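Per our numbering: the sequence shown = residues 47 to 350. In this text, a Cβ means the ideal position worked out from N, Cα and C, and glycines have one as well. A quick note: this is a predicted structure, and the numbers were derived from the prediction, not measured.
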Amino acid sequence: MSVTRVRLEYVHPWPNHAGLFLARKKGFFAEEGLDVELISDGWDRGDAAALLARNEYHVASLRLGQLLESRLTGTPFVAVATLNQRQLGAVITTPETGIRRFADLGGKSVAIPPVDRLIRELQQAVEADGGDFAKVTVLDPGSGVWEPDIRAVEQGHWDAIINVRAWEPFQGNTAPEDVVILDFDAVKVAPHHSYFLCVREDLLERNPEFVRRFLSAAAKGYHAAMADEDAAVDAMTVPMCHIDPAVLRASVREIRDSWFTPEGRWGEIQEELVNGYTKWMLEGDFFDAPVGDTAGAWTNDLLP
Numbered sequence: 047m048s049v050t051r052v053r054l055e056y057v058h059p060w061p062n063h064a065g066l067f068l069a070r071k072k073g074f075f076a077e078e079g080l081d082v083e084l085i086s087d088g089w090d091r092g093d094a095a096a097l098l099a100r101n102e103y104h105v106a107s108l109r110l111g112q113l114l115e116s117r118l119t120g121t122p123f124v125a126v127a128t129l130n131q132r133q134l135g136a137v138i139t140t141p142e143t144g145i146r147r148f149a150d151l152g153g154k155s156v157a158i159p160p161v162d163r164l165i166r167e168l169q170q171a172v173e174a175d176g177g178d179f180a181k182v183t184v185l186d187p188g189s190g191v192w193e194p195d196i197r198a199v200e201q202g203h204w205d206a207i208i209n210v211r212a213w214e215p216f217q218g219n220t221a222p223e224d225v226v227i228l229d230f231d232a233v234k235v236a237p238h239h240s241y242f243l244c245v246r247e248d249l250l251e252r253n254p255e256f257v258r259r260f261l262s263a264a265a266k267g268y269h270a271a272m273a274d275e276d277a278a279v280d281a282m283t284v285p286m287c288h289i290d291p292a293v294l295r296a297s298v299r300e301i302r303d304s305w306f307t308p309e310g311r312w313g314e315i316q317e318e319l320v321n322g323y324t325k326w327m328l329e330g331d332f333f334d335a336p337v338g339d340t341a342g343a344w345t346n347d348l349l350p
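As structure tokens, then:
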């Protein structure tokens, strides 16, 4: 049996991947004749999109920009499922700051990676909540690739940060239930799918049955992770043996609802989310290439 190589979206696995790891642990991939390797790494050799383009992986978890920009190259990708039905980025802070809503950020400092789309999204969220963005102090962490988590707020570096709502809030001393998370979707700013499972278009054309079998097993894994919290946490304890299981559990609880549509289907890509976010990104000139039509960039046809 040849190995199916899957490139995950981050530099380490985290509970967003619980369904994939559980599918492997429970033998769902094996039942489909697949021996799946789930891989994380840095970007020294290129990001996940570059490595997928070089045919080093069969499947990669990518953002919409990476997917659409690939369509302009000689190795276009196709999204065959989404991992998340909502965006995962959020403003994260502690109760001590007094921040309870986006409008409360006036007079406060927020650490944001120097990414224009995140700054614009925060501005729109503050204004949508009736706040004055001019009174918000936006700061670059100034640390290269370091991504601050809740500990940076606890230590007084900033009043709040922007990062992933289902992971970074749970790394400090603040009890998970007390962490303040401001959700961009709650104020209807730039709603989108966070990550897509993508394959090269030539692979999809050559072997759609492989993709169908992979997605069938993955869907079983995510449904199993949703139904059994203990199993989801257990599936992540080996690839994340350095993390407190209580942190893994808090992360699973925060992210698991994003795996499914309101009707309970895993992986389904929503046309309005794809097109709406593409329009928002184009209006802000946030793509790295002249992206246009999204036609052909995604399909739900291979989902179980």
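Under the three-state reduction of DSSP, which class applies to residue i: helix, strand or coil?
{"i": "Ser-48", "result": "coil"}
{"i": "Trp-344", "result": "strand"}
{"i": "Arg-53", "result": "strand"}
{"i": "Asp-229", "result": "strand"}
{"i": "Thr-128", "result": "strand"}
{"i": "Asn-321", "result": "helix"}
{"i": "Phe-306", "result": "strand"}
{"i": "Thr-143", "result": "helix"}
{"i": "Phe-62", "result": "Reading off the sequence, residue 62 comes out as Asn, not Phe. Asn-62: helix per DSSP, three-state reduction."}
{"i": "Leu-134", "result": "coil"}
{"i": "Phe-242", "result": "strand"}
{"i": "Ala-236", "result": "coil"}
{"i": "Trp-312", "result": "strand"}
{"i": "Ile-158", "result": "coil"}
{"i": "Phe-123", "result": "strand"}
{"i": "Leu-43", "result": "Since the first residue of the chain shown is 47 and the last is 350, residue 43 is not available in this structure."}
{"i": "Ile-207", "result": "strand"}
{"i": "Asp-81", "result": "strand"}
{"i": "Ala-106", "result": "strand"}
{"i": "Thr-283", "result": "helix"}
{"i": "Val-184", "result": "strand"}
Could you tell me whether the Cβ atoms of residue i and residue j are closer together than 8 Å?
{"i": "Val-184", "j": "Ile-165", "result": "yes"}
{"i": "Glu-167", "j": "Val-257", "result": "no"}
{"i": "Gly-111", "j": "Phe-333", "result": "yes"}
{"i": "Gly-79", "j": "Arg-259", "result": "yes"}
{"i": "Ala-343", "j": "Leu-114", "result": "yes"}
{"i": "Leu-118", "j": "Ala-106", "result": "no"}
{"i": "Thr-345", "j": "Val-156", "result": "no"}
{"i": "Ser-304", "j": "Arg-163", "result": "no"}
{"i": "Thr-220", "j": "Glu-193", "result": "no"}
{"i": "Ala-206", "j": "Ile-138", "result": "yes"}
{"i": "Val-233", "j": "Asp-276", "result": "no"}
{"i": "Phe-67", "j": "Pro-285", "result": "yes"}
{"i": "Ser-116", "j": "Ala-94", "result": "no"}
{"i": "Ile-227", "j": "Ile-158", "result": "no"}
{"i": "Pro-254", "j": "Leu-348", "result": "yes"}
{"i": "Ala-127", "j": "Phe-230", "result": "no"}
In angstroms, rounded to a whole number, what distance separates the CA positions of residue i and residue j?
{"i": "Ala-271", "j": "Ser-262", "result": "14 Å"}
{"i": "Val-52", "j": "Asp-178", "result": "43 Å"}
{"i": "Glu-300", "j": "Leu-250", "result": "33 Å"}
{"i": "Glu-102", "j": "Ser-86", "result": "13 Å"}
{"i": "Gly-313", "j": "Leu-129", "result": "6 Å"}
{"i": "Val-320", "j": "Leu-243", "result": "14 Å"}
{"i": "Gly-152", "j": "Pro-141", "result": "16 Å"}
{"i": "Leu-150", "j": "Glu-55", "result": "The question names Leu, but residue 150 in the sequence shown is Asp. Their Cα atoms are separated by approximately 32 Å."}
{"i": "Ala-69", "j": "Tyr-268", "result": "8 Å"}
{"i": "Pro-61", "j": "Glu-329", "result": "32 Å"}
{"i": "Asp-224", "j": "Ala-296", "result": "12 Å"}
{"i": "Pro-308", "j": "Ala-264", "result": "19 Å"}
{"i": "Lys-181", "j": "Lys-154", "result": "8 Å"}
{"i": "Phe-306", "j": "Gly-202", "result": "36 Å"}
{"i": "Met-327", "j": "Pro-336", "result": "11 Å"}
{"i": "His-238", "j": "Gly-322", "result": "8 Å"}
{"i": "Arg-252", "j": "Pro-350", "result": "19 Å"}
{"i": "Pro-187", "j": "Asp-248", "result": "40 Å"}
{"i": "Glu-77", "j": "Lys-71", "result": "11 Å"}
{"i": "Val-57", "j": "Pro-160", "result": "19 Å"}
{"i": "Gly-338", "j": "Gln-316", "result": "18 Å"}
{"i": "Asp-10", "j": "Gly-218", "result": "Residue 10 is absent from the structure shown; the chain starts at 47 and stops at 350."}
Could you name the residues of the same chain whose beta carbon sits closer than 7 Å to that of residue i, not counting the 5 residues immediately before and after it, in chain order?
{"i": "Thr-121", "result": "Ala-99 and Arg-246"}
{"i": "Ala-19", "result": "Missing from the structure shown is residue 19; the chain here goes from 47 to 350 and no further."}
{"i": "Lys-266", "result": "Ala-69 and Phe-74"}
{"i": "Gly-291", "result": "Here residue 291 turns out to be Pro, not Gly, going by the sequence shown. For Pro-291, where only same-chain residues beyond five positions count, the Cβ hits under 7 Å are Val-279 and Thr-283."}
{"i": "Trp-204", "result": "Ser-155, Val-156, Ala-157, Leu-185 and Ala-198"}
Suppose the cutoff is 6 Å on Cβ atoms and the five residues either side in sequence are ignored; what does the same chain contact list for residue i look like?
{"i": "Gly-50", "result": "Residue identity check: residue 50 is Thr in the sequence provided, not Gly. Excluding sequence neighbours, Thr-50 sits near Leu-80, Val-82 and His-104."}
{"i": "Pro-222", "result": "Phe-216 and Ala-296"}
{"i": "Val-293", "result": "Phe-216"}
{"i": "Ser-240", "result": "Asn-130, Gln-133 and Leu-134"}
{"i": "Arg-302", "result": "Met-272"}
{"i": "Gln-169", "result": "Phe-179"}
Spatial neighbours of residue i within its chain, please: CB distance less than 8 Å, with the 5 preceding and 5 following residues excluded, ordered by chain position.
{"i": "Glu-173", "result": "Phe-179"}
{"i": "Thr-324", "result": "Leu-110, Leu-114, Val-337 and Thr-340"}
{"i": "Pro-59", "result": "Phe-67, Leu-84, Ser-86, Met-282, Pro-285 and Met-286"}
Quick check on residue i - is its C-beta less than 8 Å from some C-beta in chain C?
{"i": "Ile-138", "result": "Protein chain content of the structure displayed is limited to a single chain, and chain C is not contained in it."}
Q.
Count Cβ pairs between the stretch 207-214 and the stretch 142-149 that sit closer than 8 Å; are there 3 or more?
A. no
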